[in-house]
Structures are given as C-alpha cells and as structure tokens.
Amino acid sequence: MNFKEIQDLIKLINKTNLSEFKLKDGEFEMTIRTDEYHKMKAVPATQQVISVPAAMPPAYAPSAPPAPVAETTAPAPVSAPVEKVEADNYIEVKSPIVGTFYRSSSPEKPAYVKVGDIIEVGSVVCIVEAMKLFNEIESEISGKVVKVLLEDSSPVEYDQPLFLVDPNG
Numbered sequence: 330m331n332f333k334e335i336q337d338l339i340k341l342i343n344k345t346n347l348s349e350f351k352l353k354d355g356e357f358e359m360t361i362r363t364d365e366y367h368k369m370k371a372v373p374a375t376q377q378v379i380s381v382p383a384a385m386p387p388a389y390a391p392s393a394p395p396a397p398v399a400e401t402t403a404p405a406p407v408s409a410p411v412e413k414v415e416a417d418n419y420i421e422v423k424s425p426i427v428g429t430f431y432r433s434s435s436p437e438k439p440a441y442v443k444v445g446d447i448i449e450v451g452s453v454v455c456i457v458e459a460m461k462l463f464n465e466i467e468s469e470i471s472g473k474v475v476k477v478l479l480e481d482s483s484p485v486e487y488d489q490p491l492f493l494v495d496p497n498g
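Residues 330 to 498 in this note's numbering are what the sequence shown spells out, letter by letter.
Dropping the structure here:
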C-alpha cells in the first residue's frame, strides 16, 4: 500500500464504529486502532466479529508487500520543534515526525505530561509511533504545559502542534 491509500483507509475507518482494523498480506501487516479500542480495553466486553467483504475495493488492495525493515531495539529520542505563538505568548511543541501520538508508554501508565506540569529541556513529553517504532519526543523548551492539543492515539502529521507551553510558567 502506498501512503495515500493508507491515509484513505484511515479516513474510511474513522467514519465507522470499528475499534481495531488489521490487514495482513504476506509480510505486510498493518493495525489501526481507534479511540474505541482503548475504551473497550478499559471495560471488559464480549468479542466482536465483523464480516468483511471478500473483495476489497481496488484502491485498498495491496499491490506488493513492502520490503522488510530492520527493527532497532530502542530508537533514539527525537526532539520536538517549537514555535512561538504570539497571541498568547505560548510556545507550540510540534511533532517532528508523522505517526500516532501517545501521551503515555502504555494504556495502564500515566501520561508523561499533563496540563499544569512544569517541563524542562530534554523532558520526554509523549511518544509518536512511526512504522512500529515508538519514538520518545523530548521538549526543547522549559515551561508550564498549558494545553494538550491532541487526544491519545490520534494520528499526527509532521510539524503538527502537540502541546502549548508557557515559557514563563
């Protein structure tokens, strides 16, 4: 699948009530989880079976599986770019990569930072998962977290704001 097909698939899944979608074709595997997945994990529920038509629309049919990627044991932390927001004198902490935003290392663990927390340069503020690698995002600024701009498990684009930080806090 190419990037555009994956984006279209994510949009399609967001329009449904699916909690999790898995696709496997040879060595190519993809799992997409929505906010419903995390809600279901918190409350025990019976197993849901969803029937899928035998033929996928041509736009979503994988052409050839991508070449396998060598995985590393621990990716190096990535520093998030920052940009000052003039109107409120807050600084935006932005995502340095495309992926999935997570506020904590697992659903059972507390968030790395929450509104009101004081962060320092080099503090881990979140994780962005990209291609099955979990990248810890470190702050390049010090200050007080004023707002978390994304929900947990949300897709995030390159340079998308994640947090608002008051450098005077």
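Quick reminder that beta carbons are idealized off the backbone N, C-alpha and C, glycines included.
Less than 7 Å between C-beta atoms, sequence neighbours within five positions excluded: which residues of the same chain meet that for residue i?
{"i": "Y431", "result": "C455, I456, E458, D481 and S482"}
{"i": "L479", "result": "F430, V485 and L491"}
{"i": "P439", "result": "S433"}
Would you identify the three-state DSSP class for residue i, choosing helix, strand or coil?
{"i": "I470", "result": "coil"}
{"i": "I335", "result": "helix"}
{"i": "K340", "result": "helix"}
{"i": "L491", "result": "strand"}
{"i": "V422", "result": "strand"}
{"i": "I362", "result": "The amino acid at residue 362 is misidentified as Ile; the sequence shows Arg. Correct three-state label for R362: strand."}
{"i": "G428", "result": "strand"}
{"i": "K351", "result": "strand"}
Thinking C-beta only, is residue j closer than 8 Å to residue i?
{"i": "G451", "j": "S433", "result": "no"}
{"i": "L427", "j": "V485", "result": "Per the sequence presented here, residue 427 reads as Val, with Leu not at that position. The answer is yes: Cβ separation under 8 Å."}
{"i": "V422", "j": "L352", "result": "no"}
{"i": "P496", "j": "I470", "result": "yes"}
{"i": "Q489", "j": "S424", "result": "yes"}
{"i": "Y419", "j": "V494", "result": "yes"}
For residue i, which residues from the same chain have a beta carbon less than 6 Å from its beta carbon, with the 5 sequence-adjacent residues on both sides left out?
{"i": "T360", "result": "K351"}
{"i": "F296", "result": "The chain is shown only over 330 to 498; residue 296 falls outside these bounds and no answer can be derived."}
{"i": "I447", "result": "K473"}
{"i": "M385", "result": "At M385 the pLDDT is 45, less than 50, meaning the model places this residue with poor confidence; the figure from the coordinates comes in the next sentence. Same-chain partners within the cutoff: there are none."}
{"i": "T363", "result": "S348"}
Between the alpha carbons of residue i and residue j, how many angstroms are there, rounded?
{"i": "G498", "j": "N331", "result": "43 Å"}
{"i": "E465", "j": "L341", "result": "29 Å"}
{"i": "Y441", "j": "V453", "result": "7 Å"}
If you drop the 5 nearest sequence neighbours on each side, which residues of the same chain put their C-beta closer than 8 Å to that of residue i?
{"i": "Y487", "result": "S424, P425, I426 and V427"}
Threshold first: 3 residues or longer. Then list the beta strand (DSSP E) segments lying entirely within the region 440-484, N to C. 453-459, 462-467 and 472-477
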